[in-house]
Amino acid sequence: MTNKNKLEILKDLRDYTKALFIVDMNNGFVNFGNMANPKYNDLVPEQLKLINKFRTEEELVAFVLEAHKKNAVEFKTYPEHCVKGTTEALLIPEFILEKDKPNTKIYTKNSTCGIFNKNIQKDIRNAKNLREIVIGGVCGDICVIDLARPMAKYFDEINREIKIFAVKSAIDTFDAPGHNREEWLDMSYKFMEAAGIEVVENFEELESREKKLHLVV
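With my numbering applied, the sequence shown has no gaps in its numbers, which climb one by one up to 268 at the end.
Take a look at the structure:
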């Protein structure tokens, strides 16, 4: 599909009532490189459930990917990873064909915080009928929370009431010395909840909550 054809099929932002954001399912976080954790492949089936749900509903599917500058300042904090133009910066193979499908957006970032991408701010601001955002991805305590909480506060700033869900079965982080996976995920979910984000266990609980809150058309 050419970029022109994709743009012709992409709905007007005002037509979306829901948006799914999948964070950092780059090769460089999942498959190979200094920051890769192959266990993140276990998230793919749950994330695909969410993607297919949003495809069926003809709602927005967005991938937020790291695409660092060659000499990114972030590399003073984390090992070099996901440099723009490398295979590490690409979506994982299971998702690579998703980028050319209708109702899809790709956003890149040079830090852990996706909300600094001006196109994300512009698009969620222009999506006037948006009522719900669903978030999954890696790492839960770094890039996921660094999108979720600032996004919630951005909506506060522009005085919009948007329901934000974080889906546990579609989120993970890593174990490392001084970084216990379960502890950091638990803290992250508590911080997200403190920002008004609802944390649900899985796809099924998400759909149940959507029905209860009348977010299903």
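The beta carbon of each residue, even a glycine, is placed where N, CA and C say it ideally should be.
Query raised in the report: Looking at C-beta atoms only, is the number of pairs between the region 222 to 232 and the region 197 to 213 that lie closer than 8 Å three or more?
Result: By the Cβ rule, the region 222 to 232 does not count as touching the region 197 to 213, because fewer than three pairs are nearer than 8 Å.
Requested in this report: Give me the Cβ distance between F114 and K152, rounded to the nearest whole Å; I'm assuming they're in contact under 8 Å.
Outcome: That belief does not hold up - the Cβ atoms of F114 and K152 are roughly 11 Å apart, past 8 Å.
Requested in this report: Tell me N47's beta-bridge partners as DSSP assigns them.
Outcome: Residue 47 lies beyond the residue range present for the chain, which begins at 52 and ends at 268; the question has no answer from this structure.
Query raised in the report: Whose CA, out of V189, A178 and V185, lies closest to the CA of C164?
Result: Distances from the CA of C164 to each of V189, A178 and V185 were compared; the closest alpha carbon is that of V189.
Query raised in the report: Where do the ends of the beta strand (DSSP E) carrying V115 lie?
Result: V115 -> beta strand (DSSP E) spans L111 to E117.
Query raised in the report: Between L111 and Y158, is the Cβ-Cβ spacing less than 8 Å?
Result: Cβ distance not < 8 Å, so L111 and Y158 don't count as in contact.
Query raised in the report: What are the uninterrupted segments assigned as alpha helix (DSSP H) that are 4 or more residues long and contained completely in the region 129 to 215, given in chain order?
Result: DSSP runs (the alpha helix (DSSP H)) wholly in the region 129 to 215: 169 to 177 and 196 to 208.
**Report entry** DSSP beta-bridge partners of I102
**Finding:** None; I102 has no bridge partner.
Query raised in the report: To which residues does DSSP link V250 through a beta bridge?
Result: Residue pairing of V250 in beta bridges, as defined by DSSP: A217.
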